[in-house]
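Peer 1: In the numbering used here, the protein residues as written are 16 to 340.
For every residue, glycine included, the Cβ atom is placed at its ideal position computed from N, Cα and C.
Computed from a predicted model, the values in this text were never measured in an experiment.
Quick one: the structure is below, questions incoming.
What follows is the structure, encoded as structure tokens:
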């Protein structure tokens with residue numbers, strides 16, 4: 016009987032000791048698990064993002080434009096390529112470095128559309144790009160920047176990378192003149208006074224634009240009849256196109272010039288004007304050009320200020336048209 020009791024007490028003691036130690040071991044395991052989790056989170060937080068890696072990569076390189084081609088004419092290839100050089104922070108050529116190229120390639124509703132491709136430097140750090148034969152006229156820019164992969168990027172990360180790319184980018188003029196200077200066409204630009212009323216008695220801006228385009232080499236063009244100007248006032252594009260087809264088989268340029276503000280100060284009179292101009296291919300009815308330009312001119316004389324503002328705006332629009340239609 017004593018032996019039995021002694022064994023039972025020992026068993027109970029072992030059981031109690033075992034039970035008492037269990038919570039302590041469990042707590043230690045839990046502590047280890049938490050520590051490991053914290054270490055994992057800390058490691059993830061310290062890992063650089065893709066935008067940070069990209070920024071670090073391009074911080075050590077420099078892109079420079081060696082040469083660029085002269086402007087060309089629509090449907091004629093550039094006579095020479097754009098040539099660039101990429102070097103590292105020590106001035107050594109960056110071999111096999113990829114550059115993205117963003118260049119004007121088309122127009123949608125008259126607005127410039129860009130395409131993107133890439134070029135790679137050679138052992139001397141030189142990369143060249145000869146654009147495809149332009150099918151449209153452009154007064155724009157071409158941009159070269161370090162290539163990046165946007166696959167799986169969040170909007171925030173992509174925005175950061177684009178910002179870094181923009182800061183590292185090298186840009187150059189991309190100029191293609193129209194090939195329609197001798198095609199003939201009509202112009203209908205309607206002026207509005209300070210009260211927002213259309214001026215139908217004298218097509219001032221239309222005539223200014225016509226004269227400037229002729230100086231730029233346009234021939235066989237002229238101001239449209241009043242009924243087309245009336246359609247411009249009515250914002251009736253269908254009527255504009257229909258009447259233009261009776262006059263020309265090339266293009267019609269139409270739009271408005273409004274007075275945004277007229278102010279008087281110690282410096283004189285300041286007029287701010289906005290010209291909104293569109294061009295249609297009369298054969299297809301499609302928009303081949305669109306622009307909106309705002310200019311301000313100051314002069315001591317009120318009449319001269321407005322007249323010079325109209326002339327300055329006409330010159331600006333003529334240049335856009337020359338490189339736009």
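Report back the beta-carbon spacing between residue 141 and residue 203 to the nearest angstrom; my notes put them in contact at under 8 Å.
Peer 2: So it is not a contact: roughly 49 Å between Cβ atoms.
Peer 1: Taking the DSSP output, what are the residues bridged to residue 98?
Peer 2: 82 and 143
Peer 1: Select from 274, 101, 225 and 297 the residue whose C-alpha is nearest the C-alpha of residue 185.
Peer 2: 101
Peer 1: Check whether the region 88-105 and the region 121-132 touch, using three or more Cβ-Cβ pairs below 8 Å as the test.
Peer 2: no
Peer 1: Measure from the alpha carbon of residue 87 to the alpha carbon of each residue in 113, 103, 108 and 150, then state which is nearest.
Peer 2: If you compare the alpha carbons of 113, 103, 108 and 150 with that of residue 87, the shortest gap goes to 150.
Peer 1: Span of the alpha helix (DSSP H) holding residue 123?
Peer 2: Taken as a continuous stretch (DSSP letters only), residue 123 belongs to no alpha helix (DSSP H), being part of the beta strand (DSSP E) at 113-123.
Peer 1: At the level of alpha carbons, what is the spacing between residue 240 and residue 329?
Peer 2: Distance from the CA of residue 240 to the CA of residue 329, rounded to the nearest whole angstrom, comes to 19 Å.
Peer 1: Taking DSSP as the reference, what is the three-state secondary structure of residue 69?
Peer 2: helix
Peer 1: Measuring CA to CA, which of 293, 146, 236 and 77 is closest to residue 107?
Peer 2: 77
Peer 1: Thinking C-beta only, is residue 255 closer than 8 Å to residue 246?
Peer 2: yes
Peer 1: Please determine, among 275, 286, 297 and 178, the residue with the shortest C-alpha to C-alpha distance to residue 253.
Peer 2: 297
Peer 1: Less than 6 Å between C-beta atoms, sequence neighbours within five positions excluded: which residues of the same chain meet that for residue 191?
Peer 2: 87, 89, 149, 152 and 153
Peer 1: Just the Cα atoms here: how many angstroms apart are residue 44 and residue 137?
Peer 2: Because residue 44 carries a pLDDT of 37, less than 50, the predicted location of this residue cannot be relied on, and the following value inherits that uncertainty. Taking the straight line joining both Cα atoms gives about 58 Å.
Peer 1: Just checking my contact of residue 155 with residue 189 at CB under 8 Å: how many whole Å lie between their CB atoms?
Peer 2: Going by Cβ atoms, the distance from residue 155 to residue 189 rounds to 5 Å, so yes, they are a contact pair.
Peer 1: Helix, strand or coil for residue 180? Go by DSSP, reduced to three states.
Peer 2: helix
Peer 1: Do the region 198-213 and the region 306-319 meet, that is, are 3 or more Cβ pairs less than 8 Å apart?
Peer 2: No, the region 198-213 does not touch the region 306-319.
Peer 1: With DSSP as the reference, label residue 221 as helix, strand or coil.
Peer 2: helix
Peer 1: Starting from residue 245 and walking both ways along the alpha helix (DSSP H), at which residues does that stretch end?
Peer 2: Secondary structure note for residue 245: its alpha helix (DSSP H) is the uninterrupted segment 241-248.
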